[in-house]
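So the structure is just underneath, and the comments pick up after that.
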Amino acid sequence: LAKEKGKNNYQFYTPDLDKLSMRKMELEKGLRKALAQNEFVLHYQPQVEVETGIIVGIEALIRWEHPKLGMIPPGEFIPLAEETGLIVQMGKWVLRTASEQNKKWQDEGIPPVPVAVNVSVRQIQDDGLIHDVKQILEQTGLEPRYLELEITESIMQNIERSTVILNQLKDLGVLLSLDDFGKGYSSLSYLKHLPIDIIKIDKSFIDDILELYSPGSIAKAIIDMGQNMNFTVIAEGIEKEEQVKFLLENSCKIGQGYYFSKPVPADKISDILQRRFQEMFIH
Ligand code: C2E
Ligand code: MG
Ligand code: MG
Ligand code: MG
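Heads up: the sequence shown begins at 1 in the working numbering, then just goes up one per residue.
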């Protein structure tokens with residue numbers, strides 16, 4: 001009987017769980033080499049002024065082309081990179097690559113727009129960030145107003161330090177935006193004291209525009225607040241015409257989402273930027 005019980009214990013390790021943890025181990029191992037082996041690429045997604053269709057910015061989003069496993073989405077490897085601390089090096093690569101690319105486009109005569117880069121809270125906590133950003137701006141020659149750093153409300157975990165760092169970044173002249181706004185539930189009072197230029201309404205509140213019960217009520221409140229506090233407000237995750245109409249009716253000037261364009265490789269976004277306008281299909 002005991003033997004039987006012992007055997008049964010094996011059932012705890014279901015094949016699925018094994019596969020999952022093996023994938024995680026493989027990714028973790030691969031992550032260390034990925035930078036050196038040039039396996040990361042940036043895709044770019046336009047941010048569009050809804051009234052005119054003019055592209056007013058782009059967001060850089062990292063992609064990992066794993067040699068064996070294929071394309072890995074950032075939702076899967078960014079948390080791993082944060083756990084292992086590799087995010088600091090990876091984040092520096094993203095900052096440099098996006099800045100270099102943006103400067104290159106400007107030199108080619110493409111209408112200049114800021115490039116937004118996601119910055120993890122681990123990078124904010126790292127002592128090297130200010131130096132790195134400064135150096136990257138100097139070395140690439142990109143004007144600071146064409147670099148935007150997207151941070152999340154998780155920086156509130158250490159509000160004193162974050163305030164110091166954000167003020168130093170602001171002093172460099174870069175733009176600062178608060179990504180996924182409204183998703184964290186930190187106190188609103190901090191907003192008044194941080195040098196934030198832009199808030200990006202979290203996709204969940206944009207999805208809610210399509211709901212039947214009091215649709216878009218939170219998005220409306222955020223847009224109002226943003227206007228009162230002189231933030232630029234960007235709505236992320238725009239997929240449907242109905243949502244574009246909502247933005248127009250509620251004076252939210254900028255949208256980003258699959259409705260306009262998915263994130264696309266650099267050569268494709270440069271064509272879009274060259275045209276300066278994003279086609280829209282509002283009837
Ligand atoms: P995020 O910064 O909030 O970026 C928006 C995410 O929503 C992107 O997913 C984008 O592809 C996706 N998205 C855009 N429009 C739509 C839409 O209309 N519908 C839907 N369903 N999704 C849309 P992605 O590229 O998979 O990135 C996920 C997250 O990973 C990002 O969320 C960001 O938090 C993180 N991330 C991406 N690149 C980097 C990076 O270079 N560094 C860091 N630290 N994090 C990054
Ligand atoms: Mg973002
Ligand atoms: Mg985010
Ligand atoms: Mg977001």
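C-beta atoms are modelled at their ideal positions from N, C-alpha and C, and glycine is treated no differently. As the structure is a prediction and not an experimental result, all values here were calculated from the model.
Which residues have their C-beta within less than 7 Å of a heavy atom of ligand 4, listed in chain order?
Asp179, Asp180, Lys200, Asp202, Lys203 and Glu236
Looking at the structure shown, is Glu108 part of a helix, part of a strand, or coil, going by DSSP?
coil
Leaving out five residues on either side along the sequence, give the residues of the same chain with a beta carbon under 6 Å from the beta carbon of Glu59.
Gln45 and Ala116
What's the C-alpha gap between Ser187 and Gln256?
26 Å
Using C-beta distances below 7 Å, list every residue in its chain close to Trp93, excluding the 5 sequence neighbours before and after it, in chain order.
Leu35 and Phe40
I'd like to know whether the C-beta atoms of Leu166 and Leu137 end up nearer to each other than 8 Å.
no
Are the CB atoms of Ser251 and Ile218 within a distance shorter than 8 Å?
no
Cβ-Cβ distance between Leu178 and Ile206 below 8 Å
no
For the stretch 139-159 against the stretch 117-129, do three or more pairs of beta-carbon atoms, one drawn from each stretch, fall closer than 8 Å, so that the two count as touching?
yes
Confirm the yes/no value for this check: CB of Ser154, any heavy atom of ligand 1, distance under 7 Å.
no
Look at the Cβ atom of Asn102, then the Cβ atom of Tyr146, and state whether they are nearer than 8 Å.
yes
With a threshold of 16 other CB atoms inside 10 Å of the CB of Lys200, please say whether the residue is buried or exposed.
buried
Since I believe Val50 is in contact with Val244 (beta carbons under 8 Å), could you give me their beta-carbon distance rounded to a whole number of angstroms?
6 Å
Other residues of its chain near Glu150: CB distance less than 6 Å, five sequence neighbours each side excluded
Ala116, Asn118, Ser177 and Asp179
How many angstroms separate the CA atom of Ala235 from the CA atom of Met25?
36 Å
Alpha carbon of Lys3 to alpha carbon of Ser21, nearest angstrom
Its pLDDT being 46, under 50, Lys3 is placed unreliably by the model, and the measurement read from it follows with that caveat. Using only the alpha carbons, I get a separation of about 27 Å.
What residue range does the alpha helix (DSSP H) around Ile71 cover?
According to the sequence as given, residue 71 is Met; it is not Ile. Premise fails: Met71 lies in the beta strand (DSSP E), Gly70 to Ile72, not in any alpha helix (DSSP H).
Taking DSSP as the reference, what is the three-state secondary structure of Ala34?
helix
Go ahead and label Gly109 buried or exposed: buried means 16 or more other beta carbons lie within 10 angstroms of its beta carbon, across all protein chains shown.
exposed
Residues sharing a beta bridge with Trp64, DSSP
Phe40 and Ile72
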